[in-house]
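Comments concern the structure below.
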Amino acid sequence: MRTVGRIRANAFDKSLFFFILFSEEAYLPAPFPYILHGERDVMYILKKRVLWFGQTLTPRYFFRRNQSGCIMRYAVSTVVDAIRAGTLPTVRAYLRAGGDPERRDEMGSTLLHIAVLEGKLNIVSLLLRHGAQANATDAYGNTPMHIACLYGLKEIAELLLQYGADIDSTSDLRPWTPLMLAVNENYTEMVEWLLTHGANPNHVDVDQGWTPLLIACDLGLKDLTLQLLERGVRVDVRVQGGDARGRSALHLASYYGEVELVRALLQQGVDVNQQPEGGGLSALHWAVYNEHLDLIEFLLAQGADVNIRASGLYQQRAPLHFAVAARSEHMAVMLLEVGANPLQKDAEDQSPLDIALMRYREGGAVVYERLWRLLESYI
Numbered sequence: 001m002r003t004v005g006r007i008r009a010n011a012f013d014k015s016l017f018f019f020i021l022f023s024e025e026a027y028l029p030a031p032f033p034y035i036l037h038g039e040r041d042v043m044y045i046l047k048k049r050v051l052w053f054g055q056t057l058t059p060r061y062f063f064r065r066n067q068s069g070c071i072m073r074y075a076v077s078t079v080v081d082a083i084r085a086g087t088l089p090t091v092r093a094y095l096r097a098g099g100d101p102e103r104r105d106e107m108g109s110t111l112l113h114i115a116v117l118e119g120k121l122n123i124v125s126l127l128l129r130h131g132a133q134a135n136a137t138d139a140y141g142n143t144p145m146h147i148a149c150l151y152g153l154k155e156i157a158e159l160l161l162q163y164g165a166d167i168d169s170t171s172d173l174r175p176w177t178p179l180m181l182a183v184n185e186n187y188t189e190m191v192e193w194l195l196t197h198g199a200n201p202n203h204v205d206v207d208q209g210w211t212p213l214l215i216a217c218d219l220g221l222k223d224l225t226l227q228l229l230e231r232g233v234r235v236d237v238r239v240q241g242g243d244a245r246g247r248s249a250l251h252l253a254s255y256y257g258e259v260e261l262v263r264a265l266l267q268q269g270v271d272v273n274q275q276p277e278g279g280g281l282s283a284l285h286w287a288v289y290n291e292h293l294d295l296i297e298f299l300l301a302q303g304a305d306v307n308i309r310a311s312g313l314y315q316q317r318a319p320l321h322f323a324v325a326a327r328s329e330h331m332a333v334m335l336l337e338v339g340a341n342p343l344q345k346d347a348e349d350q351s352p353l354d355i356a357l358m359r360y361r362e363g364g365a366v367v368y369e370r371l372w373r374l375l376e377s378y379i
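Anchor point for the sequence shown: position 241 equals 241 in the working numbering, and the numbering is continuous, going up by one each time.
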């Protein structure tokens, strides 16, 4: 071992000497809080490791000669800063000095989590080669693969998979898989890669029942929904919690008026008159509610029940009730032409005709008079 200088530090009333290997960077262990000033014979700083009476020490402080030639002390958090800055030599020095590749920050993230989050492929590779665990979880149960898929980092995801990353792992905060996160972010290429490498397209969120297909439909992501349907995903699952409780992929797609998606779902055998579990609106109700005229026409052509009743909070109202509430003569005509009943009562004993007449008499817009007369003409 070549020694080019020595550092003297006091700790626990003992004088200890550290022999320094030739290099430009060093990691030194606690509890030594500083290097004594004036040690002119320290010419270079350790790069690979520090020996304390022949034993390799776990580093807690990092020392480096700055541009002025002065020796500077940094906390080990410097390695996190180095990862964020993409400074590969500093991270390499940390690992060679015996630094723990599984070191965590205050949020429970490992160095690998941080490197993935920053998109530093070369540092991710370095950490994995030095034993970083590809399936380590942070304080929220997220793995590096979750982070890679959340940000569409396909190259990093490929590398993680090579080191045994679980492609279907779920987090604690929200039990979604990497595929579900990629779908939620509309990363078409990442989704295709995950599916090709065995990601489960039918995984069900144990909290609220979301699946990759339901997420895609809920966000109105046509390309991703078709992509998943081509993989033969299940179309019979429903959301089990939250505001969308009981809705199927058909209901979610209808909300956005996506005729192509609705057609694809019906081709998979979905019932056009499917009702939400626990109450809610049918596909036709949603189409009328959001005034998707093309979808209304398509659903009616596919045999949708024009007098189907909504359930739950929607008071047994038919699509025609919604058309009148929207003051839409166009939608009312579309429904009346295929047999909508203007006298059909809801749970409050009001028909579409009653609603139009009541609002007209209350001084409502002139359109209610036209709607009232229109509905009356179909009796």
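Note that beta-carbon positions come from the ideal geometry of N, C-alpha and C, so glycine has one too.
Assigned secondary structure, residue i (DSSP; H/G/I helix, E/B strand, else coil)
i	result
Arg103	coil
Arg309	coil
Arg361	helix
Val50	Residue confidence is low: Val50 scores 31 on pLDDT, short of 50, so the model does not pin down where it sits. Its coordinate-derived value is still stated next. Val50 falls in the coil class under three-state DSSP.
Arg238	strand
Ser248	strand
Gly38	Residue placement at Gly38 is flagged as unreliable, the pLDDT there being 32, under the threshold of 50; a coordinate-derived value is accordingly withheld.
Thr110	strand
Thr196	helix
Ala304	coil
Asp354	helix
Tyr381	In this structure the chain extends from 1 to 379, so residue 381 is not present and cannot be described.
His330	helix
Ile379	coil
Glu337	coil
Ser169	coil
Gln344	coil
Thr177	coil
Tyr255	helix
Trp210	coil
Asn122	helix
Val272	coil
Gln315	coil
Ala323	helix
Val183	helix
Expected contact under 8 angstroms - CB spacing of residue i and residue j to nearest Å
i	j	result
Cys217	Leu179	The pair is not a contact, with the Cβ atoms about 15 angstroms apart (cut-off 8 angstroms).
Gly246	Gly269	Going by Cβ atoms, the distance from Gly246 to Gly269 rounds to 19 angstroms, so no, they are not a contact pair.
Ser171	Gly198	Between Gly198 and Ser171 the Cβ distance is about 19 angstroms, and since that is not below 8 angstroms, they are no contact.
Pro352	Leu320	4 angstroms
Val333	Gln302	About 19 angstroms separates the two Cβ atoms, so there is no contact after all.
Ile83	Ala134	The pair is not a contact, with the Cβ atoms about 16 angstroms apart (cut-off 8 angstroms).
Per-residue burial, residue i [other beta carbons within 10 Å of its own, 16 or more giving buried]
i	result
Tyr314	buried
Glu189	exposed
Glu258	buried
Gly99	buried
Pro89	exposed
Val262	buried
Thr196	exposed
Val366	exposed
Arg361	exposed
Ile379	exposed
Asp349	exposed
Leu213	buried
Ser254	buried
Leu343	exposed
Asp207	exposed
His330	exposed
Arg238	buried
Leu275	Looking at the sequence shown, residue 275 is not Leu but Gln. Flag for Gln275 reads buried.
Arg309	buried
Leu173	exposed
Gly164	exposed
Gln162	exposed
Gly241	exposed
Close-in-space but distant-in-sequence residues of the same chain around residue i (CB under 7 angstroms, 5 per side omitted)
i	result
Asn202	Thr211, Val233 and Arg234
Ala347	Gln315 and Gln316
Phe322	His285, Val288 and Tyr289
Arg359	Tyr368
Glu376	Leu353
Ala326	Glu291
Pro175	Asp205, Val206 and Asp207
Ser328	Glu291
Test: residue i CB closer than 8 angstroms to a CB of chain B
i	result
His113	Protein chains in the displayed structure number just one, and chain B is not present.
Contacting residues, own chain, Cβ-Cβ under 6 angstroms from residue i (five flanking each side not counted)
i	result
Leu229	Ala264
Leu112	Leu127, Ala132 and Pro144
Asp138	Gly108, Ser109 and His113
Gly363	none
Asn341	Asn307
Same chain, Cβ closer than 8 angstroms to residue i, five either side skipped, listed in chain order
i	result
Gly339	Val306 and Asn307
Tyr187	Cys149 and Gly152
Thr225	Leu213, Ala216, Cys217, Ala249, Ala253, Glu258, Leu261 and Ala264
Arg103	Val76, Val79, Thr110 and Leu111
Inset, instruction - Take every Cβ of the region 148-156, pair it with every Cβ of the region 117-129, and state whether three or more of those distances are shorter than 8 angstroms. - result: yes
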